[in-house]
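Chemist: Just passing along the structure, written as structure tokens.
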Amino acid sequence: MTIRDLTPGNIDAAAALWHRAGLTRPWNSPELDAQRALDGDTSTVLGAFDDERLVGTIMVGHDGHRGWAHYLAVDEGQRGTGLGKRMMAAAENWLRTHGCEGSAHGTCGQRLRSGILRAPRLRGRQRAGALQMARPANVIENPGREHPVTVASYA
């Protein structure tokens, strides 16, 4: 398993993974989101590859001080293996090595029933040093919706 930056040739596979994971919305093009991240100097999309098969993603970027992460997705066959944690660690490392000097912030959209990502796993995750994932300041769960979401904002 290798984790590396996606290339434009990987965008369709990433968008398909995001669709299967329930992370996309009809009004927002995931392909355009991925291309913008790859085109930016301060953003990218990291992918986990099992041989040449894309099995995990995380979009990461920063404004020089605050880092962010979106589109954390793990293929259903790889869930429960720790790949989500490895993707978060890779995103944190990317931020450190690409000039992010402050804290990381994130919004975690998820389908609660699918086990894609659960905010409680992120709550206590803290690291010493320049980059620190803080405890969520606000977690809102709405399981009554067709696609339940958890939104976690980080202080």
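Counted the way numbering that gives the first Met the number 0 counts, the sequence shown spans residues 0 to 154.
Even for Gly, the Cβ is constructed at its ideal location relative to N, Cα and C.
1. Exposed or buried, H61, counting other C-beta atoms within 10 Å across all chains shown (16 or more means buried)?
2. Three-state secondary structure (DSSP) at G46?
3. Could you work out which residue in G66, M58, R19 and E30 is closest to G155 when comparing CA atoms only?
4. Give me the DSSP bridge partner(s) of T1.
5. Report the CB separation of A33 from A72 in whole angstroms; it is logged as a contact under 8 Å.
6. Among the candidates M0, D40 and I57, whose CA atom is the shortest distance from the CA of I10?
7. With DSSP as the reference, label H24 as helix, strand or coil.
8. R65: which of Q77, M0 and A90 sits nearest, CA to CA?
9. Return the CA-CA distance between L130 and G83, expressed in angstroms with no decimal places.
10. Do L53 and A13 have their CB atoms nearer than 8 Å?
11. Please classify S28: is it buried, with 16 or more other beta-carbons within 10 angstroms of its beta-carbon, or exposed?
12. By Cβ distance, which residues of its chain are closer than 7 Å to L16, with the 5 residues on each side in sequence left out?
Modeler: From the atom records:
1. buried
2. strand
3. Since the first residue shown for the chain is 0 and the last is 154, residue 155 is missing from the structure and cannot be characterised.
4. F48
5. That pair is no contact at about 12 Å.
6. I57
7. In the sequence on display, residue 24 carries Arg and not His. Note: R24 maps to strand in three-state DSSP.
8. A90
9. Caution is warranted here: a pLDDT of 31 is assigned to L130, below 50, making its placement in the model unreliable, and the coordinate value is therefore given only provisionally. Each residue's Cα considered, the two are about 18 Å apart.
10. yes
11. exposed
12. L53, T56, A72 and D74
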